[in-house]
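Top line first, the protein sequences correspond to chains A and B. 0 is the number of the first residue of the first sequence in the numbering used here; add one for each residue after it. 0 is the number of the first residue of the second sequence in the numbering used here; add one for each residue after it. One structure below.
There are 2 protein chains.
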Amino acid sequence: MTSIKFRKHIEEVIAITDKEFDYVFSFFIKKRLKKHQFLIQKGSPVNYEYWILKGLLKTYTIDENGKEYVLQFGMENYWTSDYLAFQNESLATLLIDCIEDSEFLCIGRDDKETICYEVPAMANFFRIKATKGGTSHQQRILSLLTETTEQRYNNLVAKLPHLMQRVPKKLIAQYLGVSRETLSRLNS
Amino acid sequence: MTSIKFRKHIEEVIAITDKEFDYVFSFFIKKRLKKHQFLIQKGSPVNYEYWILKGLLKTYTIDENGKEYVLQFGMENYWTSDYLAFQNESLATLLIDCIEDSEFLCIGRDDKETICYEVPAMANFFRIKATKGGTSHQQRILSLLTETTEQRYNNLVAKLPHLMQRVPKKLIAQYLGVSRETLSRLNS
DNA sequence: GTTTTTATGTGATATAGATCACATTTTACT
DNA sequence: AGTAAAATGTGATCTATATCACATAAAAAC
Chain A
0 MTSIKFRKHI EEVIAITDKE FDYVFSFFIK KRLKKHQFLI QKGSPVNYEY WILKGLLKTY
60 TIDENGKEYV LQFGMENYWT SDYLAFQNES LATLLIDCIE DSEFLCIGRD DKETICYEVP
120 AMANFFRIKA TKGGTSHQQR ILSLLTETTE QRYNNLVAKL PHLMQRVPKK LIAQYLGVSR
180 ETLSRLNS
Chain B
0 MTSIKFRKHI EEVIAITDKE FDYVFSFFIK KRLKKHQFLI QKGSPVNYEY WILKGLLKTY
60 TIDENGKEYV LQFGMENYWT SDYLAFQNES LATLLIDCIE DSEFLCIGRD DKETICYEVP
120 AMANFFRIKA TKGGTSHQQR ILSLLTETTE QRYNNLVAKL PHLMQRVPKK LIAQYLGVSR
180 ETLSRLNS
C-alpha cells in the first residue's frame with residue numbers, strides 16, 4: 000500500500016508518530032501519468048513537488064537549436080520537481096516527462112510549508128533530503144569537470160546499472176553531455 | 000557585531016525569537032584563518048560546517064596528475080564544508096583553502112542536529128538553504144551541459160563581478176572547466 | 001502484420017579546446 | 001628594494017569530440 004511505502008521512505012531518515020504521519024499524508028494526492036506525458040512543461044507554473052511511486056522520468060531542457068540536455072533521471076523513491084520554479088513561484092525552465100507509465104504523490108508548495116512548520120520532524124526530513132540531493136549534484140559537477148566521457152559513462156553504469164536497459168542510449172548521452180555518436184563509439 | 004550579522008542572515012529566511020537565537024548562537028564558535036591556510040584538507044575528518052563572516056575561499060579537488068578543479072568559491076554570508084564527508088562522517092575528498100584572510104562561525108555536526116531538533120525554525124532554515132544550494136548546483140550542471148565556455152564565463156562575470164578582481168584567472172578557468180590558456184584567449 | 005518512427009553504428013570531416021613552450025608582466029616574500 | 005614566484009598572453013601543435021551523412025536494426029503505431 001502506498002502509505003506504508005511512503006512512511007517507510009520517511010522513516011529511513013527521521014522518526015515520526017502515527018498521528019504525525021497521518022496528518023502529513025493527508026496533504027498528498029496521488030497522480031498517474033502514461034509514457035510520453037509531461038509532469039512539468041517549460042513556461043508553466045510549478046506548484047507541486049512529486050515523490051515517485053513508480054515509473055521513470057527525465058528532467059531536461061531544450062536549447063534554441065532544439066538540442067536536449069538531461070539534468071536527471073527520476074525513478075521509484077526519488078523526489079522531483081523544477082525546484083527553481085517551485086521555490087520562486089516562477090515559471091518552469093525545465094521539462095519533466097515520463098519515459099514509462101508513472102505514479103506520484105504530489106504535495107503543493109503551501110502544504111509543504113505547512114507540514115514543515117506543523118511537524119518539525121518533516122522539516123528535518125526535507126532538510127536532510129535536500130542536503131543529500133545537494134551533495135549528489137556536487138558529485139555530478141565534479142564528474143563533469145574532472146572525468147573523461149568514458150569514466151562518466153562507467154560511473155553511471157555502476158551507479159544505475161538497470162537504467163541502461165530502460166532508456167535509449169541517446170538519453171544517456173544527453174545526460175553525460177556528449178553526442179550519441181561519441182557515446183556509441185565508446186563501447187567499441 | 001558578529002551575532003547581529005548572523006541573526007540578520009537567519010532572519011532573512013525564517014522567524015526566530017531572542018531566546019531561540021541565543022540558544023542557537025551559543026553552539027557556534029569563531030575561527031580565523033589567514034590566506035593560504037586550509038579550512039578542510041583531503042583525507043581529514045570533517046566535523047564542522049562553516050558560515051563565512053568575511054574572506055574568500057576556494058573549494059577544490061586535485062586529480063592524480065596534480066590538476067586542480069574548483070567546485071566553488073566561498074565568500075561572506077556563504078555556508079561551506081565538505082558536505083559529503085560532513086554528513087557521512089567520512090574523510091574529506093575536497094580541499095578548502097583561504098584565498099584571503101577569513102573568519103568563520105563553526106558548528107559541529109552533532110550540535111547542528113541538536114539545534115535542528117530543539118529549534119524547529121532552524122530545521123526550516125537549513126532546509127530552505129539546502130534547497131537553494133541544490134538549485135544553484137542544478138544551474139551549474141545545466142550550464143556545464145548546455146553553454147559554451149564563453150557563455151559560462153560571461154554568466155560568471157554577471158553573477159559575481161567583483162570576484163574577477165579578487166582571484167587569478169587561473170582559478171576562474173578551473174571553475175569553468177577550461178584551461179587557463181583557453182580562458183585567456185576568450186577576451187581577445 | 002505492415003508501415004512509420006526511433007534507435008543505433010560507423011565513416012568522413014571540422015572544430016573547440018588541451019597541451020607544450022616561452023616571453024612578459026605582476027605580485028609576493030624577506 | 002631586490003629577488004623569487006606566480007600570473008598572464010600568445011604561438012604552434014595535437015586530440016577528443018561535434019557534426020554531417022547514411023545504412024541497418026529495432027520498436028512503436030495503426
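Glycine residues also receive a C-beta, built at the ideal position from the N, C-alpha and C atoms.
Burial state of residue i, where buried means 16 or more other Cβ atoms lie within 10 Å
i, result
"B:N123", "buried"
"A:Q137", "buried"
"A:M121", "buried"
"B:S43", "exposed"
"B:Q164", "exposed"
"B:V118", "buried"
"A:T134", "buried"
"B:T147", "exposed"
"B:K57", "buried"
"A:E63", "exposed"
"A:I13", "buried"
"B:I61", "exposed"
Beta carbon of residue i nearer than 7 Å to that of residue j
i, j, result
"A:L175", "B:Y68", "no"
"A:D81", "A:L93", "yes"
"A:L55", "A:I98", "yes"
"A:R108", "A:N46", "yes"
"B:I51", "B:G65", "no"
"B:F125", "A:R126", "yes"
"A:Q53", "A:E102", "Per the sequence shown, residue 53 of chain A should be read as Lys rather than Gln. In contact: A:K53 and A:E102 (Cβ atoms closer than 7 Å)."
"A:I114", "A:V23", "yes"
"A:T130", "B:A129", "yes"
"A:D100", "A:K33", "yes"
"A:M140", "B:R179", "Position check: residue 140 of chain A holds Ile in this sequence, whereas Met was assumed. For A:I140 and B:R179, no; Cβs fall outside 7 Å."
"A:Y49", "A:T1", "no"
"A:F20", "A:R6", "yes"
Bridge-paired residues (DSSP) for residue i
i, result
"A:I95", "A:I39, A:T58"
"B:I51", "B:F103"
"A:T79", "A:Y49"
"B:P44", "B:L90"
First and last residue of the uninterrupted beta strand (DSSP E) at residue i
i, result
"A:F72", "67-74"
Cβ separation of residue i and residue j, assumed to be a contact under 8 Å, to the nearest whole Å
i, j, result
"B:D96", "B:F27", "B:D96 to B:F27, Cβ: 22 Å. No contact."
"A:Y59", "A:Q173", "7 Å"
"A:L155", "A:I171", "7 Å"
"B:K168", "B:L159", "Contact flag wrong, Cβ pair sits at about 14 Å."
"B:L83", "B:K29", "Contact flag wrong, Cβ pair sits at about 25 Å."
Residue range of the alpha helix (DSSP H) that includes residue i
i, result
"B:I28", "Premise fails: B:I28 lies in the beta strand (DSSP E), 28-32, not in any alpha helix (DSSP H)."
"A:L156", "Sequence inspection shows Val at residue 156 of chain A; the Leu mentioned does not correspond to that position. Element bounds for A:V156: 148-158."
"A:L90", "No alpha helix (DSSP H) holds A:L90; DSSP gives it neither H nor E."
"A:V23", "17-24"
"B:A14", "It is not in any alpha helix (DSSP H) - B:A14 carries neither H nor E in the DSSP assignment."
"A:N189", "No answer is possible for residue 189 of chain A: it lies beyond the span of chain A, which begins at 0 and ends at 187."
"B:M0", "Note, B:M0: premise wrong, no alpha helix (DSSP H); not H, not E."
"B:S183", "179-185"
heavy atom of the ligand HEM below 6 Å from residue i C-beta
i, result
"A:A129", "Questions concerning the ligand HEM fall outside what the structure shown contains, since it holds no ligand whatsoever."
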